[in-house]
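Colleague:
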Ligand SMILES: [Zn+2]
Ligand SMILES: [Zn+2]
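Numbering (the working numbering), first residue to last: 48 to 384.
1. Would a C-beta distance cut-off of 8 Å place residue 162 and residue 82 closer than the cut-off?
2. Reducing DSSP to helix, strand and coil, say where residue 232 ends up.
3. Check whether the Cβ atoms of residue 84 and residue 131 sit closer than 8 Å, and answer yes or no.
4. Identify the continuous alpha helix (DSSP H) that holds residue 317 and give its terminal residues.
5. Quick one, are the C-beta atoms of residue 169 and residue 77 less than 8 Å apart?
6. Tell me whether residue 70, by its Cβ, gets closer than 7 Å to a heavy atom of ligand 2.
7. My output table needs one value for residue 57: the three-state DSSP class, helix, strand or coil.
8. Which stretch, first to last residue, makes up the beta strand (DSSP E) that contains residue 112?
9. How is residue 383 classed by DSSP in three states: helix, strand or coil?
10. Measuring alpha carbon to alpha carbon, tell me which of 109, 79, 74, 274 ends up nearest residue 88.
11. What did DSSP end up calling residue 181 once you bin it into helix, strand or coil?
12. When you compare each of 90, 276, 287 to residue 234 by their alpha carbons, which one comes out closest?
13. For residue 325, which beta-bridge partners are listed by DSSP?
14. Quick one: which unbroken beta strand (DSSP E) runs of 3-plus residues sit fully inside the segment 135 to 194? Chain order, please.
15. Mind checking whether residue 141 and residue 219 have CB atoms under 8 Å apart?
16. I need the DSSP call for residue 76, collapsed to helix, strand or coil.
17. Run the Cβ filter for me: residues under 5 Å from any heavy atom of ligand 1, listed in the order they occur in the chain.
18. Below 7 Å, is the gap between the Cβ of residue 280 and the nearest heavy atom of ligand 2?
19. With respect to the beta strand (DSSP E) encompassing residue 255, which residues constitute its N-terminal and C-terminal limits?
20. Does the segment 309 to 320 come close enough to the segment 282 to 297 to have 3 or more Cβ pairs within less than 8 Å?
21. Restricting to Cα atoms, I'd like to know which of 86, 71, 378 is closest to residue 118.
22. Could you check whether the segment 92 to 104 touches the segment 122 to 130, counting it as contact only if at least three pairs of C-beta atoms, one from each stretch, sit closer than 8 Å?
23. Do you know offhand how far residue 285's Cα is from residue 310's?
24. Among all the DSSP beta bridges, which residues are the ones paired with residue 355?
25. Candidates 185, 229, 337, 213: which alpha carbon is nearest residue 112's?
26. Using 8 Å as the threshold, is the C-beta distance between residue 307 and residue 175 below it?
27. Does the beta-carbon distance from residue 124 to residue 160 come in below 8 Å?
28. Within 10 angstroms of the Cβ of residue 245, are there 16 or more other Cβ atoms? Answer buried if so, exposed if not.
29. Taking residue 248 as part of the alpha helix (DSSP H), name the residues at either end of that continuous run.
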């Protein structure tokens, strides 16, 4: 089968033939239908990153797929089922794994990517089964949607709360979408440029601001005060400090952005405002199912985040291009092209 293989930092992904994996006990073999490129995939090719992938690794964890074979002991999924596998592989046996949360497996969870390929294996217990009526094309955004949903569910807000979303990458877009679905009041997005403003507005963002020295004042003028909640989805150094400055006293800052750099900021500001500061990681399969059911009900606004659908041949260059700031939002591999 064709796959895009990571050889080492500084080198492009290499498209080459590799063996189709065999499903082990409790595993299923999946034909990958689509797989989005995520910031985490990019980070995992960076030698300075704490999670840099080993040579020979196949990245890609935002997959929609069809079950084409089942291994020994699989009695839940069957051939023909449409699924989205979780990006973490746990033991499949502990309470976290059985409960749909392999990220918090007590027996050593590992990243389970492998979506930049025609086929991959996954644990039966770590796949969300999709409604038959949902398109596998659309299902490729379920994983990033689940990340955005986690960012709301980890520290929910009251209906009518005013929200600021920092960052308009896929996670910020997904978080803004779920904030709108959760009956937020006004939602403002903040980004370094206006390139994704139309995508943000498509999922329910009411106002758009660019970062700059006047930002905090502009936001307070827009909301007529300080917003109740800031969803930090950008992960740049200084983003948490910015969120703390923006939000009202006794408000909430939910952090989804991954900042892999030292970031000096003054925690006292968060204490003086008595903020709730919540970090969010580790999606639950229930969130995948909720995202799938939402799309299946015809609420498909977040599909606006898909800006490019590419073939294998385009993947290495598209992957490199995403390391620079561009107009793309979610770039999705279709291995069948
Ligand atoms: Zn991701
Ligand atoms: Zn486990």
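Backbone N, C-alpha and C fix where the C-beta goes; we use that ideal spot for every residue, glycine too.
Modeller: Judging by the given coordinates:
1. yes
2. coil
3. The answer is no: Cβ separation not under 8 Å.
4. 315 to 319
5. yes
6. no
7. Annotated three-state conformation of residue 57 is coil, per DSSP.
8. 109 to 117 is the extent of the beta strand (DSSP E) around residue 112.
9. coil
10. 109
11. In this structure, residue 181 counts as coil in the three-state DSSP scheme.
12. 276
13. 301
14. 166 to 170, 174 to 176
15. no
16. strand
17. 85, 87
18. At a threshold of 7 Å, residue 280 does not count as near ligand 2, since its beta carbon sits no closer than that to any of the ligand's heavy atoms.
19. 254 to 257
20. yes
21. Looking at the Cα atoms, 71 is the closest of the given residues.
22. no
23. Their Cα atoms are separated by approximately 6 Å.
24. DSSP, once it has assigned bridges, lists 378 as partnering residue 355.
25. 185
26. no
27. Cβ atoms of residue 124 and residue 160: not closer than 8 Å.
28. Counting Cβ neighbours within 10 Å, residue 245 comes out exposed, since fewer than 16 surround it.
29. 244 to 249
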